[in-house]
Amino acid sequence: MKLLFDQNISFRIIKLIQLAFPQREQIRKLNLENKSAKEIWTFAGQNDFTIVTFDADFYEFSNLYGDPPKIIWLRTGNNTTISVSQILLAKKELIVEFINKQNFLV
33 MKLLFDQNIS FRIIKLIQLA FPQREQIRKL NLENKSAKEI WTFAGQNDFT IVTFDADFYE
93 FSNLYGDPPK IIWLRTGNNT TISVSQILLA KKELIVEFIN KQNFLV
């Protein structure tokens with residue numbers, strides 16, 4: 033389970049959640065900061081990342097293209113990095129279940 037944090041989420045979150053989510057990256061650290069949302073979407077899908085974002089762009093891509101990648105759309109409004117990390121840590125079990133769930137069309 034790999035998380036990719038959008039550029040609007042501080043790189044500082046990486047350290048705050050490292051024990052609960054050992055495979056996590058931030059767009060800036062991967063030199064994707066100036067890439068388009070579509071390029072980031074493609075990268076995430078090809079590299080088995082789930083995108084964590086505040087923006088609706090990736091949610092809209094998800095509706096258009098399906099997954100992968102999966103999207104965690106944080107709709108919490110303006111929060112500190114510590115608050116966001118606490119939310120993610122509190123919801124870890126739900127996040128893991130969501131990421132691991134296979135979607136099948138019937």
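So the number in my numbering is just where the residue sits in the sequence shown, counting from 1, plus 32. Beta carbons: idealized from backbone N, C-alpha and C, even for Gly.
Taking 8 Å as the threshold (C-beta atoms), are residue 65 and residue 39 in contact? Taking the sequence shown and counting its residues from 1, one reaches residue 39 at position 7. Taking the sequence shown and counting its residues from 1, one reaches residue 65 at position 33. Against a cut-off of 8 Å, the Cβ pair of residue 65 and residue 39 comes out as a contact.
Terminal residues of the continuous beta strand (DSSP E) containing residue 34? Here the question's residue 34 lines up with position 2 in the sequence shown. Unbroken beta strand (DSSP E) run through residue 34: 34-37.
Identify the residues that DSSP records as bridge partners of residue 86: which are they? As a working mapping, residue 86 is identified with position 54 in the sequence shown. Answer is none; residue 86 lacks a bridge partner.
Supposed contact pair residue 82 and residue 102 - C-beta distance, whole angstroms, cut 8 Å: For this step, residue 102 is matched to residue 70 along the sequence shown. For this step, residue 82 is matched to residue 50 along the sequence shown. About 5 Å separates the two Cβ atoms, so the contact holds.
Check whether the Cβ atoms of residue 127 and residue 120 sit closer than 8 Å, and answer yes or no. Here residue 127 refers to the residue found at position 95 when the sequence shown is read from its first residue. Here residue 120 refers to the residue found at position 88 when the sequence shown is read from its first residue. Closer than 8 Å, so yes.
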